[in-house]
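Using the numbering used here, the letters of the sequence shown correspond one by one to residues 102 to 597.
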Amino acid sequence: MAPEPPHANSSSSSTTSASPGSSQSRPPPDPLQSTIKVAKAIMNAPTSNGQIVATILSAYDLPDGEVPTSVTMSYFAETKSGIRVSNEVNTGPPAAKHRDHANSFKFGSAAGSAKNAAANSASGNESNNKPNQLILSAPLPTLFESTIVFKLNYADTSKNLVSKCKVQTNLRVNEPQWLILNLDPEFPSSSTENISNQNERVYTSSASRISCYSKNSNSASTSTASLDNQPPTLRLKINLLGTHRPEIAALINLGNAWFGVVDVVTDTVVGTATHMVGGSAGGNNGLDLAKWKDLPVVKLLLVPTVPLATVAVVCAPIVVGVLIVGIPFLLPLLLLLLSITLTIGTLSSALYFSTRQGRTKLHHLLEPMYLTFLTTHSGQRIIYDVGPRPSPQSLAKAVLPTGMIGKLITSLLIDFIGSASYLIPLLGEAFDLTWAPTSMILVGALYDDIMPNLKYVALMEELLPLTDWIPSAMLGWVREFGPGILEEWRGRGQGK
Numbered sequence: 102m103a104p105e106p107p108h109a110n111s112s113s114s115s116t117t118s119a120s121p122g123s124s125q126s127r128p129p130p131d132p133l134q135s136t137i138k139v140a141k142a143i144m145n146a147p148t149s150n151g152q153i154v155a156t157i158l159s160a161y162d163l164p165d166g167e168v169p170t171s172v173t174m175s176y177f178a179e180t181k182s183g184i185r186v187s188n189e190v191n192t193g194p195p196a197a198k199h200r201d202h203a204n205s206f207k208f209g210s211a212a213g214s215a216k217n218a219a220a221n222s223a224s225g226n227e228s229n230n231k232p233n234q235l236i237l238s239a240p241l242p243t244l245f246e247s248t249i250v251f252k253l254n255y256a257d258t259s260k261n262l263v264s265k266c267k268v269q270t271n272l273r274v275n276e277p278q279w280l281i282l283n284l285d286p287e288f289p290s291s292s293t294e295n296i297s298n299q300n301e302r303v304y305t306s307s308a309s310r311i312s313c314y315s316k317n318s319n320s321a322s323t324s325t326a327s328l329d330n331q332p333p334t335l336r337l338k339i340n341l342l343g344t345h346r347p348e349i350a351a352l353i354n355l356g357n358a359w360f361g362v363v364d365v366v367t368d369t370v371v372g373t374a375t376h377m378v379g380g381s382a383g384g385n386n387g388l389d390l391a392k393w394k395d396l397p398v399v400k401l402l403l404v405p406t407v408p409l410a411t412v413a414v415v416c417a418p419i420v421v422g423v424l425i426v427g428i429p430f431l432l433p434l435l436l437l438l439l440s441i442t443l444t445i446g447t448l449s450s451a452l453y454f455s456t457r458q459g460r461t462k463l464h465h466l467l468e469p470m471y472l473t474f475l476t477t478h479s480g481q482r483i484i485y486d487v488g489p490r491p492s493p494q495s496l497a498k499a500v501l502p503t504g505m506i507g508k509l510i511t512s513l514l515i516d517f518i519g520s521a522s523y524l525i526p527l528l529g530e531a532f533d534l535t536w537a538p539t540s541m542i543l544v545g546a547l548y549d550d551i552m553p554n555l556k557y558v559a560l561m562e563e564l565l566p567l568t569d570w571i572p573s574a575m576l577g578w579v580r581e582f583g584p585g586i587l588e589e590w591r592g593r594g595q596g597k
């Protein structure tokens, strides 16, 4: 019998192990360096594209009964290389005329689908599934900083009407808005100065409706105008579509994976416990909980419980007195026990809020605050990839209170934490090294508009030894609200 030939992989492996420069002789990769590399890759991920999707609904109260030919949408944005202007996308002619409203037209019904689809194909807007839907694609930061221009076109271009809407002021990412935009002539018959003034618009917004009007228009007369003398308007639904920042998307994916594991473990444990307690469908193989209260063993548990509870109540004042007398000596032990308790409580709370029931309660609790946070400019920049990441101070400014009482409580808390290092002599100064930058950010977010240099005072106060007693945050509160309070008191004194 012929001997078997040696395997190729075994010979190659022996050769590889013998070579001094092989990969097996290299040290294993450093986990910290690998984590840093992944974090840098996430933070430096390329900017994703966004979309502005506008559905044109109708044009109301036009100057005359002539049918417009189309509605076009474009944008312009100021970039580092200059002003960037997009191509126009258009809807084609309206589908029908409103029966109950003079000089008004509606877009997008089945009657005009063929004409609108042909118009979209001719304009290069073939990606739209709806004949009255307009889509513009560009990097999300560019769209967020841009101004959208809607134009109602006529065969006679001198009759064209336009309206503008600034994105970051009136739109939020992935939140549809219904807008009513006032239309102005594209080519006014007035002078060049009036043309430049006509293009400057003031926008007032609410949750579901945004209306814009010219600075030269009389708002009082407009609000009291009759139904027969309404300005021409364009009504549409618009949405700014975009993705989360890479780090936010990574956190969301990690959270979903963790919640999936918790759900599987919870379902397994609950199913096993239910089977053990309730038994099968007939209930013959499990324990009947309804009969436990009648068992003598349950009542016998009261025998050791009552004496132990009595001893605990009687000894509680003694224990409290010993703690008060020996608190200087027991403080490190108490802090250690407190840290252990907080750690266990935090882990238990995190585990509970990872379950379905806990997530539901947390959702009801945090949803209003999260939606309010998303309405802020900093919230949009933190969650979505709409531009440079906000600074820690701007983030703190978005969540900190702005009222007198809210700032008072926050300032007292900041100064209390800063001076808490005196509880542990010498060791407390090490805590100041970590609290100093945090205190600087919080004080700057609260009082940078009033005292720009106060945050540096807060930083040095925490870094220098034996200076934690200086109430830097309260100094800013006194500077902002103190003069107003004194003036109010003086006014009341003079009134008496």
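Positions of the beta carbon are idealized from the N, C-alpha and C atoms, including for glycine.
Paired residues, beta bridge with residue i - DSSP
| i | result |
| --- | --- |
| Trp279 | Lys338 |
| Asp285 | Val263 |
| Phe251 | Met174, Ser264 |
| Phe206 | Ala160, Lys198 |
| Asn233 | In DSSP, Asn233 forms no bridge with anything. |
| Ile184 | Glu179 |
| Ile153 | Leu237, Leu341 |
| Val274 | Leu341 |
| Val558 | According to DSSP, which records beta bridges pairwise, Val558 is partnered with nothing at all. |
| Asn190 | Strictly speaking, residue 190 in this sequence is Val, with Asn absent from that position. Paired residues: Met174. |
| Tyr485 | His345 |
Pick from the options that is closest to residue i, judged by C-alpha positions
| i | options | result |
| --- | --- | --- |
| Pro232 | Ala203, Leu253, Asn191 | Asn191 |
| Ala178 | Lys252, Tyr161, Ser247 | Ser247 |
| Lys265 | Thr367, Val370, Arg336, Gly427 | Arg336 |
| Arg580 | Val412, Thr539, Leu509 | Leu509 |
| Ala499 | Ser520, Ala521, Thr476 | Thr476 |
| His478 | Ile445, Val274, Thr461 | Val274 |
| His202 | Asp165, Glu189, Ile157 | Asp165 |
| Phe251 | Thr373, Glu276, Met552, Gln234 | Gln234 |
| Leu282 | Pro289, Asn271, Glu276 | Asn271 |
| Pro491 | Leu560, Ile542, Asp550, Ile353 | Ile542 |
| Asp87 | Pro332, Lys267, Asp550 | Since the first residue shown for the chain is 102 and the last is 597, residue 87 is missing from the structure and cannot be characterised. |
| Ser175 | Gly209, Ile236, Ala197 | Ile236 |
| Ala559 | Gly519, Val415, Asp550 | Gly519 |
| Phe208 | Arg200, Arg482, Val172 | Val172 |
| Val363 | Lys260, Asp550, Gly372, Thr456 | Thr456 |
Residues of its chain near residue i, where Cβ-Cβ distance is below 8 Å and the 5 sequence neighbours each way are ignored
| i | result |
| --- | --- |
| Met575 | Ser512, Leu513, Asp516 |
| Leu564 | Asp533, Leu534, Ala537 |
| Ala350 | Thr344 |
| Phe474 | Gly480, Ala499, Val500 |
| Ile184 | Phe177, Ala178 |
| Phe454 | Arg460, Lys462, Leu463 |
| Lys338 | Ala155, Thr156, Leu158, Pro277, Gln278, Trp279, Leu280 |
Cut-off 6 Å between Cβ atoms - residues of its own chain near residue i, not counting five sequence neighbours on either side
| i | result |
| --- | --- |
| Gln269 | Phe245 |
| Glu562 | Thr568, Ile571, Ser573 |
| Ser495 | Ser479 |
| Met552 | Gly577, Arg580 |
| Asp257 | none |
| Gly446 | none |
| Lys556 | Met541, Val544, Gly545 |
| Lys267 | Thr248 |
| Ala493 | The amino acid occupying residue 493 in the given sequence is Pro; Ala does not appear at that position. Hits under 6 Å: Ile542. |
Cβ-Cβ separation, residue j to residue i (assumed contact under 8 Å), whole Å
| i | j | result |
| --- | --- | --- |
| Val168 | Pro195 | 7 Å |
| Thr170 | Asn254 | 5 Å |
| Ser159 | Ser205 | 6 Å |
| Leu431 | Leu424 | 6 Å |
| Pro277 | Asn357 | Between Asn357 and Pro277 the Cβ distance is about 24 Å, and since that is not below 8 Å, they are no contact. |
| Leu280 | Leu262 | With 8 Å as the limit, Leu280 and Leu262 do not qualify as a contact, their Cβ atoms being about 15 Å apart. |
Cβ neighbours of residue i in the same chain (closer than 7 Å, five flanking residues each side left out)
| i | result |
| --- | --- |
| Trp578 | Lys508, Leu509, Ser512 |
| Ser238 | Asn150, Gln152 |
| Glu588 | none |
| Val421 | none |
| Pro676 | The first residue shown for the chain is 102 and the last is 597, placing residue 676 beyond what the model contains. |
Any non-hydrogen atom of the ligand GTP within 7 Å of residue i CB
| i | result |
| --- | --- |
| Gln494 | In terms of ligand content, the structure shown is empty, and the ligand GTP therefore cannot be addressed. |
### Task
Flag this pair as touching only if the segment 435-449 and the segment 341-355 have three or more C-beta atom pairs under 8 Å; answer yes or no.
no
### Query
Touch check for the segment 363-370 and the segment 498-505: three-plus C-beta pairs under 8 Å?
no
### Message
If contact is defined by three or more beta carbon pairs under 8 Å, each pair taking one atom from either stretch, is the segment 236-244 in contact with the segment 480-493?
### Response
yes
### Query
For the 8 Å Cβ check, are there 3 or more pairs between the segment 541-551 and the segment 457-474?
no
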